[in-house]
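Protein chains in written order, with the numbering used here: chain D, 4 to 318; chain A, 11 to 227.
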């Protein structure tokens, strides 16, 4: 009683709740790079916001259901078919035993989420089944899916068919995202000119982009740090600025400490959008105070909470 | 605790983090352990010269979080720095295993064997875990071996790489990006992911390095 992997896709991993409280041991958070999209997918099939689901990156897997199950896709727009017929996102759909789900390419954004009613079984490591590829932790043998894998459903059921996300809550993945940010601990290194470049510059996501972080391109930020800063804690959403001038925006698999200056921190309300940055795609940073960012977070959570009661876990 | 030993008040940054400066890595470890034991925070992470705590911004305002931290810092008592056993780590220096060794020798004006002799003569202390699972920050690098980190990080450092940067020696348990110059590589398992105790090195462990080639019969 499984879902058979006929093609793994570019990088498809099982993700669930992040690992928390372990960064002092060098163990990163992991979990979904875009937790809001994953929560919306899980909601459609009656799962908890961070029930184990597949995170699909840029080009998706081909899967054969060997049992009846309801599933839903949410996130970056993607060409997907069930037995060759196009299917819609934001809807709980029923697959019958033998059906083949084929998830193709994403033209905007970088990730979408496939939730299956009852959740997908994975192996836990350090308290979570989220996959952390660099150390091979969690998920399916700690790696991305590949042809021949068999995914077991944790609690197979097919009762949610036809559930749809209300139209107002179908978040569009922005093609030119503006990420709300607060000053990082080393923002004092920015003079007026550097601050203008950081917040007014035409940044792009570089080609070195993964769940650990995204190298930025389009501008350079040369900071007067002297190259001798003591390694300090960093987090998903931290922007690190090596002396070479190419900043690095950290994502969910972010290392736990780093010695490069941190000039900004993407606010929690928009951290999920880092997971949708696409190599080559544009992005902007918007300066916020901590108080504004806290209010933005409360507003965003309130907006989704009626539909996804446990959205706080995912954002 | 006495005013002299009391950590300075924390500062907020980002929208869900507070940072407390620390005198050194050992004080940061002690303060982080004490704050973590109080159970107020999502994460309590020491750096080499600070501690950062993360709070749940969905339910706690930044000013309230800072007030709570400052009140906790009034009463916190710091545990003594541990001193643990000695671990010998075999290293293959230079070549493909330590691709920056030759350039560092030129920069420091020392021969390869002199650099290795100084690195193997020192006794290091693990000051901190961090970066990625199993990475260890080791204090005790001789002054003569202090070099800056790379201005742009490498995209891929091999697992087991031994690196130096500033006053630190670092051990990369996993392959991945890294910004420290590499002098050698070890087969010592730094992160035993399936073992009951995955971290053979701990803050307080003493570490010495052995030159594998130098010891060949």
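Quick reminder that beta carbons are idealized off the backbone N, C-alpha and C, glycines included.
Below 6 Å CB to CB, which residues in the same chain sit around residue i once its five sequence neighbours on both sides are set aside?
i: residue 164 (chain D); result: 73, 95 and 97
i: residue 157 (chain D); result: 121, 122 and 124
i: residue 21 (chain A); result: 29
i: residue 304 (chain A); result: The shown model of chain A, from 11 to 227, leaves out residue 304 (chain A), and the question about it has no answer.
i: residue 108 (chain A); result: 192, 193 and 194
i: residue 224 (chain A); result: none
i: residue 6 (chain D); result: 66, 68 and 154
i: residue 80 (chain A); result: 19
i: residue 132 (chain A); result: 150 and 152
Report all residues from its chain with a CB closer than 7 Å to the CB of residue i; omit the five preceding and five following residues, and keep chain order.
i: residue 314 (chain D); result: 42, 52, 304, 307 and 308
i: residue 265 (chain D); result: 187, 188, 189, 237, 241, 242 and 243
i: residue 79 (chain D); result: 109, 111, 112, 113, 114, 115, 176 and 279
i: residue 260 (chain D); result: 234, 235, 236 and 237
i: residue 25 (chain A); result: 67 and 72
i: residue 222 (chain A); result: 100, 101 and 102
i: residue 128 (chain A); result: 152, 154 and 155
i: residue 249 (chain D); result: 218, 219 and 223
i: residue 317 (chain D); result: 38, 39, 41, 42, 52 and 53
i: residue 98 (chain A); result: 218 and 220
What does the Cβ neighbour count give for residue i, buried or exposed, with the cut at 16 atoms within 10 Å?
i: residue 219 (chain A); result: buried
i: residue 245 (chain D); result: buried
i: residue 100 (chain D); result: exposed
i: residue 123 (chain A); result: exposed
i: residue 86 (chain D); result: exposed
i: residue 58 (chain D); result: buried
i: residue 286 (chain D); result: buried
i: residue 45 (chain D); result: buried
i: residue 292 (chain D); result: exposed
i: residue 225 (chain D); result: exposed
i: residue 179 (chain D); result: exposed
i: residue 162 (chain D); result: exposed
i: residue 196 (chain A); result: buried
i: residue 208 (chain A); result: buried
i: residue 4 (chain D); result: exposed
i: residue 19 (chain A); result: exposed
i: residue 88 (chain D); result: exposed
i: residue 37 (chain D); result: buried
i: residue 94 (chain A); result: exposed
i: residue 281 (chain D); result: buried
i: residue 202 (chain A); result: exposed
i: residue 213 (chain A); result: buried
i: residue 188 (chain A); result: buried
i: residue 275 (chain D); result: buried
i: residue 161 (chain A); result: exposed
I'd like the span of the alpha helix (DSSP H) that includes residue i, first residue to last.
i: residue 294 (chain D); result: 293-308
i: residue 1 (chain A); result: The structure shown does not extend to residue 1 (chain A), since chain A is modelled only from 11 to 227, so the question has no answer here.
Might you give, ordered along the chain, the residues of its own chain that have their beta carbon closer than 8 Å to the beta carbon of residue i, omitting 5 neighbours on each side?
i: residue 149 (chain D); result: 8 and 11
i: residue 12 (chain A); result: With a pLDDT of 42 at residue 12 (chain A), under the threshold of 50, the predicted position of this residue should be treated as unreliable, and no value is reported.
i: residue 4 (chain A); result: This structure cannot speak to residue 4 (chain A), because chain A is shown only from 11 to 227.
i: residue 113 (chain A); result: 191
i: residue 82 (chain A); result: 45, 48 and 50
i: residue 102 (chain D); result: 67, 68, 85 and 86
In terms of residues, what are the limits of the beta strand (DSSP E) holding residue i?
i: residue 319 (chain D); result: Since the first and last residues shown for chain D are 4 and 318, residue 319 (chain D) lies out of range.
i: residue 268 (chain D); result: 265-269
i: residue 289 (chain D); result: 285-290
i: residue 64 (chain A); result: 60-64
i: residue 35 (chain D); result: Element bounds for residue 35 (chain D): n/a, residue is neither H nor E.
i: residue 153 (chain D); result: 153-155
i: residue 241 (chain D); result: 241-243
i: residue 31 (chain A); result: 27-31
i: residue 53 (chain A); result: 53-56
i: residue 99 (chain D); result: Neither: residue 99 (chain D) is in no beta strand (DSSP E) and is coded neither H nor E.
i: residue 164 (chain D); result: Element bounds for residue 164 (chain D): n/a, residue is neither H nor E.
Cβ closer than 7 Å: which chain E residues qualify as neighbours of residue i?
i: residue 26 (chain A); result: Checking the listed chains, one finds no chain E in this structure; the protein chains it contains are D and A.
May I ask you to check if the CB of residue i is nearer than 8 Å to at least one heavy atom of the ligand ZN?
i: residue 188 (chain A); result: Ligands are entirely absent from the displayed structure, and the ligand ZN is therefore not among its contents.
TODO: At 4 residues or longer, and completely inside the region 166-227 of chain D: list those alpha helix (DSSP H) runs for me, N to C.
DONE: 195-203
TODO: State whether the region 81-91 of chain A contacts the region 149-157 of chain A, with contact taken as three or more CB pairs (one from each stretch) at a distance under 8 Å.
DONE: no
- [ ] Assess, as a yes-or-no matter, whether the region 132-147 of chain A is touched by the region 51-67 of chain A under the definition of 3 or more beta carbon pairs within less than 8 Å.
- [x] yes
- [ ] Please specify which runs of the alpha helix (DSSP H), each continuous and at least 4 residues long, are wholly inside the region 72-137 of chain A, giving them in chain order.
- [x] 72-85, 111-118 and 122-131
Open item on the list: Any contact between the region 126-143 of chain D and the region 11-20 of chain D? By contact I mean 3 or more CB pairs, one from each, below 8 Å.
Closed with: yes
TODO: Kindly confirm or deny that the region 61-69 of chain A and the region 31-44 of chain A touch, where touching means at least three C-beta pairs closer than 8 Å.
DONE: yes
Task: Those runs of the beta strand (DSSP E) which lie wholly inside the region 5-30 of chain D and span at least 3 residues - done: 5-10 and 14-18
Open item on the list: Threshold first: 4 residues or longer. Then list the alpha helix (DSSP H) segments lying entirely within the region 101-149 of chain D, N to C.
Closed with: none
Task: Ordered list of beta strand (DSSP E) runs contained in the region 149-215 of chain A, each at least 3 residues - done: 164-167, 171-175, 178-181, 186-188 and 192-195
- [ ] Please go through the region 59-93 of chain D and give each complete alpha helix (DSSP H) segment of 4 or more residues, from N-terminal end onward.
- [x] none
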